[in-house]
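Residue numbers (the numbering used here), protein chains in the order written: chain V, 21 to 301; chain E, 204 to 482; chain F, 16 to 293.
Cβ coordinates follow ideal geometry from the N, Cα and C atoms, glycine included.
First comes the structure, then the notes that go with it.
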Amino acid sequence: MITHSSSRGLARLFVVAALLLPLGCSRASKTAITLAGSTSVEPFAERLAELYTRAHPDAEISVQGGGSSAGIRACQSRICAIGMSSRELTPEEKGLVEIPIAHDAIALIVNARNPVRVMTLEQARDVFAGRIRNWKELGGPNQRITPITREEGSGTRASFEEKVMVAGMPKDKDGKANPAAFAPDALVQDSNGSVREIVASDPAAIGYISSGLIDERVAAILLGGVAPTEATIRSGRYPVVRQFLFLTNGEATGTAKAFIEYVLSDSGQRTLTEEGLTRIK
Amino acid sequence: MREKLIEKGLLLVAFSAVAMIFLIAYLIFREGVPLVAKVGVWDFIASTRWAPSKGSFGILPMIVGSLEVTLLAVIIGATLGLSCAMFLAEFAPRWSVRILKPMIELLAGIPSVVYGFIGVVVLIPFIRRTFGGPGFSVLAAAIILGIMILPTVIAISLDALNAVPPLYKEGSLALGATRWQTLHRVVLPAARSGIIAAFILGMGRAIGETMAVIMVAGNALTMPTSLLQPVRTLTSNIALEMGYASGDHQAALFATGMVLFVIIAILNTIALVIARPRT
Amino acid sequence: MILRPLAWQRIVWFALAAMTLFTLVVLFFIIGFITSKGAHVITLKFLFGMPERMGKEGGILPTIIATIYISLLAIAIATPIGVGSAVYLCEYTRESPITRVIRFGADALAGVPSIIFGLFGFILFVIRLRMGWSLLAGGLTLAFMILPTIIRTSEEAIRAVPYNLREVSYSLGGAKSQTIVRVVLPNALPGILTGVILGMGRSVAETAVVIFTAGSSLLMPKSLFDPARTMAVHFYILAREGLSMERAYGTALLLIIAILLINVVAYLLMYRLTRKMR
């Protein structure tokens, strides 16, 4: 009936559970740092961290996504050593040290089976504003267009809006053009990768992503006839380019400083180029 | 003395759930209320334009989207789930139930993201090919959520049906009623509150689900007027934009959470009223 | 047209049988699909290797470790609180405004969607209490998410313990707390364990909460304050970012196996415990 052994069993269970929990509760060692922020920068930072820690086995660098804002917030409250942002800081967010690490071109992509390869900026604007709704109007097959945009607040979206959605729009008295609004029925995804996956599986879809993430299943549109290549990006001929930022709260020290130096060094920049970004230096 | 201390200690522990719910509500409301006050309650919940960077904070399409997706999901989950439970409880051979029930309970544990993923690779292309449109839609989200809540609905309503005292059934059968008449007139009414509890639980999971919905709903900002249109729910609005939001935009997402909170409270109250035994 | 009752019964039988068959086919299709695509991915190297190139290559060991740690942490925090609450509700009070408030709290907590828990955990644990994205922040948030389940199931289990067992203990001079620890809890153990296991399963499967509170770092977590990525989060990122569909299927299959194992262990434990008690 009433068994002592079963209550001892419960006790044993908890002891085992406690033992299985992390062996120490000490804060991680001093050489460990965290990077957090933009999901656009994340894959590149992961790669850099992987290579850096291979050369410096004593350093430990963990890379988090979460988005530019989460990264900025975490950096302000010193939860992470380095924040990553793919958008410019708002006036309230200024005060952090901003370190541009690379240029990133935003490429307009379509499914590889889609024959359309060239668009003017105005056509791209109309596609995303919902004014052009059929591929026929762009010289493609008679098929509806499924535009895919990014969520409000995304750095990629902000750059696209600033460079493409304002094309040919009337200017106000300050000389600033108001961007056309995105079509409300456009699909919204929250990462470059998921935009690419949808475009790769749907011949009617069109989206925009970091040009470094293009693979063989999708094709980049020549915007105004210009392809996003290193030469056109550096010369500024390709129209949609932004910077990736590292952020620190005050001057970086220790591992964070060494890692930033590595990223800006020739070999760090070369790695970024290999992964599809364009070097800043 | 010692006994008194233990009692006080346990009371304290027992209040931690209450403390937590108030803390959660407090933190969410504190971030969200100022924005709603600034925008105006009516403009926040009844306007259709969501463009936080341009100062428009209307979440009506998402409220409608959440309700529409949840309602459809519950209809799908409840119809299939209750049928399945009734069949297993009354018509299927005992041995098959003993095998199937644990397996169905196991399915309730599968992460929702796995259901979402199946939606993306199987259901979306199917909808795109069959009905046209982008595939990401109200329909896709409702089907995935409906399937996701199925195991929960089946398991709990099966328990409720089995908990009906056998005497009731035997009485009805002895009076010459068929098994279906017995099930329909005697067992179902007796198990009513348990079955409704199953639906409520399913509804709660459906309206609260986030990641699976983001994967299949398409997240567009339109008022969903057709089942084949993409839709954004309240939960996906929060999860999609939280990462990059700041200032008012971030506050608006907390306010979205607030509205979600209130809607869930209302739905639960309605469900409880319906579930109350008829007098 | 009025059908005879037996004809009705036949029609209903067929309708229900068809729906049941359809439901089972759909549910088992999901398992079959994941298994057929993921089985060949699971190798020793996949299980025990470190991820490379963001998980495109290599194994998933850190995510397995993180999943184990975070779910154990969640139940280690939630179980004492949940069982304590249930003991108070069942053994120390009659129905009163106080119990009603406590029950309301538990029910309301059960209705909170996981994304709200995620926001809450991020603001409170990660930012305010400066834990950063960490196993600890994730485990704490998950603990409050599964707390209502544990309270509910423990309450039912404790109420199901026959009253005369308590009387025997009292008549032997046992104090209330002794009676609870020696008599009530051991007898309620199978039911309590069910709740704990359910909670553990939910923690393993949860994505939204974990991304917001424990982060998504792929490093091996070494302490409670390290960020970590659980298997469910890893699966979400692999699938969503299109990093590697193969590995996504493999991770999904492992998740299903993990849930299966948790359930089997629960059944075995319960079987042993209930048999012992007879």
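Where the beta strand (DSSP E) containing Ala127/V begins and where it ends = Counting along the chain, the unbroken beta strand (DSSP E) around Ala127/V starts and ends at Val117 to Asn131.
In the DSSP output, what is Tyr228/V paired with across the bridge?
Tyr228/V is bridged to Leu128/V.
Counting only Cβ-Cβ distances shorter than 8 Å, please list the residues of the stretch 274-302 of chain E near chain A, keeping chain order. Among the protein chains of the structure shown, namely V, E and F, there is no chain A.
Which residues in the same chain as Gln193/F place their Cβ atom closer than 8 Å to its Cβ, once the five residues preceding and following it in sequence are excluded? The answer, listed in chain order, is Ser184.
| message | Just checking: is the beta-carbon of Gly85/V within a distance shorter than 9 Å of some beta-carbon in chain F? | response | Closer than 9 Å to some Cβ of chain F, the Cβ of Gly85/V qualifies, so yes.
Report task. Verify whether the separation of the beta carbon atoms of Ala32/F and Phe294/E is less than 9 Å. Result -> Less than 9 Å divides the Cβ of Ala32/F from the Cβ of Phe294/E.
| field | For Ala220/E and Arg143/F, the rounded distance between their alpha carbons | value | Approximately 20 Å between the Cα atoms of the pair.
Q) Quick one, which residues of the stretch 258-269 of chain E are near chain F if we go by CB-CB under 7 Å, in chain order? A) Closer than 7 Å at the C-beta level to chain F, one finds no residue of the stretch 258-269 of chain E.
Can you list, in chain order, the residues of its chain whose CB lies under 6 Å from that of Arg145/V, leaving out five sequence neighbours each side? Result list for Arg145/V: Val184, Met185, Ala187 and Ala200, in chain order.
In or out: Leu187/F buried (at least 16 other Cβ within 10 Å) or exposed? Leu187/F counts as exposed, since fewer than 16 other C-beta atoms from the protein chains shown sit within 10 angstroms of its C-beta.
Here's the rule: buried if 16 or more other CB atoms are within 10 angstroms of the residue's CB, otherwise exposed. What is Met204/E? Met204/E comes out exposed.
Exercise. Output, in chain order, the set of chain F residues within a Cβ distance shorter than 9 Å of Arg331/E.
Key: What Arg331/E touches in chain F, judged by beta-carbon distance under 9 Å, is nothing: the nearest beta carbon there is about 18 Å away.
>> I'd like to check one pair, Gly210/F with Ile165/F: are the Cβ atoms closer than 9 Å?
In response: Contact flag set, yes.
Considering only DSSP beta bridges, list what Ser259/E is partnered with. In the DSSP assignment, the residues bridged to Ser259/E are Ala254/E.
*asked:* Are there any heavy atoms of the ligand GDP lying less than 8 Å away from the beta-carbon of Gly284/E, as far as the coordinates show?
replied: Absent from the structure shown: the ligand GDP. Ligands present: none.
Please report the straight-line C-alpha distance between Arg32/V and Leu283/E, rounded to a whole angstrom. With a pLDDT of only 46 at Arg32/V, under the threshold of 50, the placement of this residue in the model should not be trusted, and no figure is reported.
- Item | Interface positions of the stretch 243-259 of chain V facing chain F (Cβ-Cβ less than 9 Å), listed along the chain | Per Cβ criterion, the list is empty.
Name the residue from Arg395/E, Val236/E, Ile398/E and Ala343/E whose alpha carbon lies nearest to the alpha carbon of Leu456/E. Scanning Arg395/E, Val236/E, Ile398/E and Ala343/E for the CA closest to the CA of Leu456/E turns up Val236/E.
Specify whether the stretch 94-103 of chain F and the stretch 155-170 of chain F touch according to this definition: at least 3 beta carbon pairs, one from each stretch, less than 8 Å apart. The answer is yes - the stretch 155-170 of chain F touches the stretch 94-103 of chain F, with three or more Cβ pairs under 8 Å.
Does the beta-carbon distance from Thr35/F to Gly153/F come in below 9 Å?
-> The Cβ atoms of Thr35/F and Gly153/F lie no closer than 9 Å to each other.
Open item on the list: Counting C-beta neighbours from all protein chains within 10 Å, is the total for Leu283/F 16 or more, i.e. buried, or is it exposed?
Closed with: Around the beta carbon of Leu283/F, fewer than 16 other beta carbons lie within 10 angstroms, which makes this residue exposed.
message = Need the endpoints of the alpha helix (DSSP H) that Phe302/V sits in, please.
response = Residue 302/V cannot be examined here, being either before or after the span of chain V that is shown, 21 to 301.
task: Report the residue from Ala288/E, Ile327/E, Pro369/E and Val316/E whose alpha carbon sits nearest the alpha carbon of Phe37/F.
output: Phe37/F has its Cα closest to that of Ala288/E, out of Ala288/E, Ile327/E, Pro369/E and Val316/E.
Fill in: Own chain residues within Cβ distance below 6 Å of Gly261/E, not counting five before or after
Counting only Cβ-Cβ distances below 6 Å, and skipping sequence neighbours, we find Ser250, Thr251, Arg252 and Trp253.
inquiry  = Tell me which residues of the stretch 87-106 of chain F have at least one Cβ-Cβ distance to chain E shorter than 7 Å, keeping chain order.
reply    = Listed by position along the chain: Ile96, Gly99, Ser100, Val102, Tyr103 and Leu104.
Discussion item. Give me, in chain order, the residues of the same chain whose beta-carbon lies closer than 7 Å to that of Ser315/E; leave out the 5 immediate sequence neighbours on both sides.
Written reply: Here the set comprises Met351, Glu412, Met414 and Ala415.
- Could you say which of Met306/E, Arg408/E and Leu443/E lies nearest to Ala345/E if we only look at CA atoms? Minimum Cα-Cα distance from Ala345/E among the listed residues Met306/E, Arg408/E and Leu443/E corresponds to Arg408/E.
Please check if any C-beta of chain E sits within less than 9 Å of the C-beta of Ser46/V. Bear in mind that the predicted position of Ser46/V carries a pLDDT of just 36, short of 50, making it unreliable; the figure below should be weighed with that in mind. No, Ser46/V does not count as interfacial toward chain E.
Nonlocal neighbours in the same chain, by C-beta distance under 8 Å from Ala454/E, ignoring five residues either side
Only residues of its own chain outside the window of five on either side were considered, and among them Glu234, Gly235, Pro237 and Leu238 have a CB closer than 8 Å to the CB of Ala454/E, listed in chain order.
**Prompt:** In chain E, which residues lie with their C-beta within 8 Å of the C-beta of Phe135/F?
**Reply:** Per Cβ cutoff of 8 Å: Leu226, Ile227, Leu230 and Ile231.
> Candidates Leu430/E, Ser439/E and Ile227/E: which alpha carbon is nearest Gly126/F's?
Replying inline: That would be Ile227/E, whose Cα lies nearest to the Cα of Gly126/F.
| Within 7 Å of chain V by C-beta, residues of the stretch 223-256 of chain F in sequence order | Interface annotation for the stretch 223-256 of chain F against chain V: Gly230, Ser231, Ser232, Leu234, Pro236, Lys237, Ser238, Leu239, Phe240, Asp241, Pro242, Arg255 and Glu256, criterion Cβ-Cβ distance under 7 Å.
- Residues of the stretch 206-235 of chain V whose Cβ lies closer than 7 Å to any Cβ of chain F, in chain order: Within the stretch 206-235 of chain V, the qualifying residues are Ser211, Gly213, Ser214, Arg216 and Glu217.
Do the stretch 325-343 of chain E and the stretch 426-441 of chain E meet, that is, are 3 or more Cβ pairs less than 8 Å apart? Yes, they touch.
| field | Stretch pair the stretch 106-119 of chain V + the stretch 174-183 of chain V: three plus CB contacts closer than 8 Å | value | Segments in contact, yes.
Original post:
In its own chain, which residues sit with a C-beta less than 7 Å from the C-beta of Thr23/V, not counting the 5 before and 5 after it?
Top reply: The predicted model places Thr23/V with a pLDDT of 41, which falls under 50 and marks its position as unreliable; any figure quoted below should be read in that light. Cβ within range, chain order: n/a, list empty.
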